[in-house]
Structure formats: C-alpha cells, structure tokens
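Number 18 in this note's numbering belongs to position 18 of the sequence shown; there are no gaps in the numbering.
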Amino acid sequence: MLDIALLPGEYAVCRLTAGAALPPALWSDLGTRQVVSVSWSADGVSLICPADRVPGDAPMETAWRCLRVVGPLELPVTGVLAALVGPLAQARVNMVVFSTYDTDHLLVPAVRLTEAAAALSGAGHRFVD
1 MLDIALLPGE YAVCRLTAGA ALPPALWSDL GTRQVVSVSW SADGVSLICP
51 ADRVPGDAPM ETAWRCLRVV GPLELPVTGV LAALVGPLAQ ARVNMVVFST
101 YDTDHLLVPA VRLTEAAAAL SGAGHRFVD
C-alpha cells in the first residue's frame, strides 16, 4: 500500500524550443505542495508545472491533476510505479508519470480524477492530506 497526496490546482504539460531559457517565475515562490519537472532533449524542453506557471505562449496540454507518492522513497525501491500504473491502466485512465529524487508523481486528467482515485483506492492505496 502506498500513501498518495493530491497536489492543489491543475497542472500542464508544455513544450519549449530546444535551448529555451526557463523564466525564473517558473520556480520562484513554488509552494511545498507543488512541483515543476524539466526535461531537456535535442528536440526541445518539456515542462510539467502548475497551469498558472506555463511560460508565455508555449504549446501545452492542461487540465491535469498531480498525484504524489508520499515520500521520500529510497532509490532502490522497486515496483512503486507498477503498483500505480497497473490499476490506472486497468481502469483505462491515461496518465503522465515523472519522478524526482525523492518520490514519484502521476498526472491524470482532471475529468478522470474520481475514476483514478477509485482505481488506486481499490488497489489498496490510500489518499492522505
């Protein structure tokens, strides 16, 4: 069983051009219950962030809710993502998964949050504040 926290507000997945500078507003005053993830590749920069922090006119997909596995988790722990992804896939809830050093996060569509929570609770996971 894993403890899962629902982070406040909606999240967005967006794309910047390769080599684009990240605006400081992206992470300044970031609350302890928020997360920003940045992935760089030759094709571009992908951001996952609170929807109100999306830079400029970046192409984006919005209306995601962010679930955080309550951690910190130790890096050698295995099976955490499988325990979460399996029930969501079975319930046919699409998701975006990303990790930080301390824990794992899942984005689920805001309109499917109730279904996602039911699938995860049904698999024995617990939602905490």
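Just so you know, even glycine gets a beta-carbon here, dropped at the ideal spot from N, CA and C. Keep in mind the model is a prediction, meaning the values are calculated, not measured.
Considering only DSSP beta bridges, list what residue i is partnered with.
i       : result
Asp-29  : None, per the DSSP bridge assignment.
Leu-130 : Residue 130 is absent from the model: the chain starts at 1 and stops at 129.
Which residue's Cα is closest to the Cα of residue i: the options?
i       : options                           : result
Ala-58  : Ser-46, Gln-34, Arg-112, Ser-37   : Ser-46
Cys-14  : Arg-33, Ser-28, Arg-53, Ala-110   : Arg-53
Tyr-101 : Arg-92, Ala-110, Val-77, Arg-112  : Val-77
Ala-5   : Ala-42, Arg-65, Ser-41            : Arg-65
Ala-82  : Asp-129, Ile-48, His-125, Leu-113 : His-125
Leaving out five residues on either side along the sequence, give the residues of the same chain with a beta carbon under 8 Å from the beta carbon of residue i.
i       : result
Val-80  : Leu-2, Val-69, Leu-73, Asp-104
Gly-122 : Pro-87
Val-96  : Val-13, Ile-48, Trp-64, Leu-106, Leu-107
Arg-112 : Val-93, Asn-94
Between residue i and the rest of its own chain, which residues show a CB-CB distance below 6 Å, the 5 nearest in sequence each way excluded?
i       : result
Gly-9   : Pro-50
Ala-89  : none
Leu-120 : Pro-87
Gly-71  : Asp-102, Thr-103
Ser-39  : Ser-46
Just confirm the distance between the C-beta atoms of residue i and residue j, as a whole number of angstroms; I'd bet it's less than 8 Å.
i      : j      : result
Ala-18 : Gly-44 : 5 Å
Ser-16 : Pro-55 : Note on identity: in this sequence residue 16 is Leu, with Ser being the wrong assignment. Going by Cβ atoms, the distance from Leu-16 to Pro-55 rounds to 7 Å, so yes, they are a contact pair.
Is residue i near residue j, with beta carbons less than 9 Å apart?
i      : j       : result
Val-93 : Ala-116 : yes
Phe-98 : Ser-37  : yes
Glu-61 : Ala-12  : yes
Leu-67 : Gln-34  : no
Ala-63 : Ala-118 : no
Once the 5 residues before and after residue i are set aside, which same chain residues still bring their CB inside 7 Å of it?
i      : result
Pro-23 : Pro-55
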